[in-house]
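First residue of the sequence shown? That's 11 in our numbering, and the numbers climb one at a time after it.
Notes follow the structure.
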Amino acid sequence: MTKTARGSLLDIEHLDAKEITGLLQLARRMNPLKPRPLLRGKRVLLLFYEASTRTRSSFEIAAKEMDAMTTLVLSSGSSIEKGESLLDTAYTLQAVGADVMVVRHPAAGAPLLMARHLKIPVINAGDGMHEHPSQALLDAYTILRHKKKLQGLQVTIIGDIYHSRVARSAIHLLSKFGARITLCGPPELLPELATCLAPNLHISRTAEEAVRGADVVMVLRVQKERLAGLKIRLQDYIARYQMTLARMKLAKRDAMVMHPGPIIRGLEITWEVADCPQSVIVEEVANGVPVRMAILARALGKA
Ligand code: ASP
Numbered sequence: 011m012t013k014t015a016r017g018s019l020l021d022i023e024h025l026d027a028k029e030i031t032g033l034l035q036l037a038r039r040m041n042p043l044k045p046r047p048l049l050r051g052k053r054v055l056l057l058f059y060e061a062s063t064r065t066r067s068s069f070e071i072a073a074k075e076m077d078a079m080t081t082l083v084l085s086s087g088s089s090i091e092k093g094e095s096l097l098d099t100a101y102t103l104q105a106v107g108a109d110v111m112v113v114r115h116p117a118a119g120a121p122l123l124m125a126r127h128l129k130i131p132v133i134n135a136g137d138g139m140h141e142h143p144s145q146a147l148l149d150a151y152t153i154l155r156h157k158k159k160l161q162g163l164q165v166t167i168i169g170d171i172y173h174s175r176v177a178r179s180a181i182h183l184l185s186k187f188g189a190r191i192t193l194c195g196p197p198e199l200l201p202e203l204a205t206c207l208a209p210n211l212h213i214s215r216t217a218e219e220a221v222r223g224a225d226v227v228m229v230l231r232v233q234k235e236r237l238a239g240l241k242i243r244l245q246d247y248i249a250r251y252q253m254t255l256a257r258m259k260l261a262k263r264d265a266m267v268m269h270p271g272p273i274i275r276g277l278e279i280t281w282e283v284a285d286c287p288q289s290v291i292v293e294e295v296a297n298g299v300p301v302r303m304a305i306l307a308r309a310l311g312k313a
């Protein structure tokens, strides 16, 4: 494999448990209310080819909390609209002085391609249907604030797993730490092949069965923007897989409800479940800041 700059975060699959634990410990030391100017004088370039609210704002806030300068480049309104290639855009942004590049792109592998050609570290902020490593880290961080350890936890991931980079990164991370993972969804959104992602993955086609006894229920959005060609009847999906209070009652009493957002209330999750006391959906968003502070500090050799 071609060398990439030290500090890049391209996926969870190739990180070992020690590196993940190191990042989570570093995140615990990052206090967004009492930040240290670890990145003073550094330039963080945020390059987003796809929509984002949580990831983009929390990377930006994380960088600014540590006194870095941030520049946001979106595909609309930049030379990307004029047809500039990914690598030419990346070289340009490196040439203006970026010290680290945070990139979200609809194509799987785009951050890896950039990392192979640039001298600066690249952080994957979500690439197509591949991975979303910072989301998996903040989810692990959030789970560990409520549960003692990941090992042995029964985690149910339910929804559009096929299109979900969040699911892929979560599966890699949780299985490295010995969580017991059940995936649930209709065959169009959860092919049997998904079991190849990690050892001992279990597939269930019924929400009730999947949720029974779970410690963590991670609900995923149906990614309408990636559904072209698939025959999904949303009414059927809602009837069979929507996370309702009745279904949540089958999980452990202290089960956590997670969702990477954006949540579509009334589709994959009811209003009641999204706002129930077990829901940590808002906490996940807040935890994105210290976790992304840790990722940036590590990328720039400040931790
Ligand atoms: N925000 C997450 C992502 O970018 C999940 C989603 O869009 O449903 O992958």
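We put the beta carbon where it would ideally sit given N, CA and C, even for glycine.
Everything numeric in this text was worked out from a predicted model, so none of it was measured.
A Cβ closer than 7 Å to some heavy atom of the ligand ASP marks a residue here, and those residues are 62, 64, 65, 136, 142, 145, 174, 175, 176, 230, 231, 233, 270, 271 and 272. Membership of residue 80 in the beta strand (DSSP E) is indicated by the continuous run 79-84. Rounded to whole angstroms, the Cβ separation of residue 149 and residue 268 is 6 Å, and the two are in contact under 8 Å. DSSP places residue 210 in the coil class of the three-state scheme, outside both helix and strand.
When C-beta atoms of the region 127-145 are compared with those of the region 219-230, fewer than three pairs fall below 8 Å, so the two segments do not count as touching.
Around the CB of residue 297, 16 or more other CB atoms lie within 10 Å, so the residue is classed as buried. In this structure, the CA atom of residue 106 is about 21 Å from the CA atom of residue 76. Contact between residue 160 and residue 138 does not hold, since the beta-carbon distance rounds to 26 Å and is not under 8 Å. Selection 207, 191 and 248 evaluated against residue 222 yields 191 as nearest (Cα-Cα).
Taking each of 111, 295, 64 and 60 in turn and checking the Cα distance to residue 14, the smallest one comes out for 111. Between the region 248-263 and the region 115-123, the count of Cβ pairs shorter than 8 Å is below three; the stretches do not touch.
Taking 7 Å as the cut-off, the Cβ atoms of residue 173 and residue 23 do not count as close. A buried status is given to residue 299, since no fewer than 16 other beta-carbon atoms sit within 10 Å of its beta-carbon. Within the region 188-264, complete beta strand (DSSP E) segments of at least 3 residues are found at 190-194, 212-214 and 226-229, given in chain order. Residue burial annotation: residue 95 is exposed, with fewer than 16 other C-beta atoms found within 10 angstroms of its C-beta. Counting along the chain, no beta strand (DSSP E) covers residue 87, and no H or E run does either.
Of the candidates 72, 218 and 203, 203 places its Cα closest to the Cα of residue 211. Judged by DSSP secondary structure, residue 301 falls within the alpha helix (DSSP H) whose first and last residues are 291-309.
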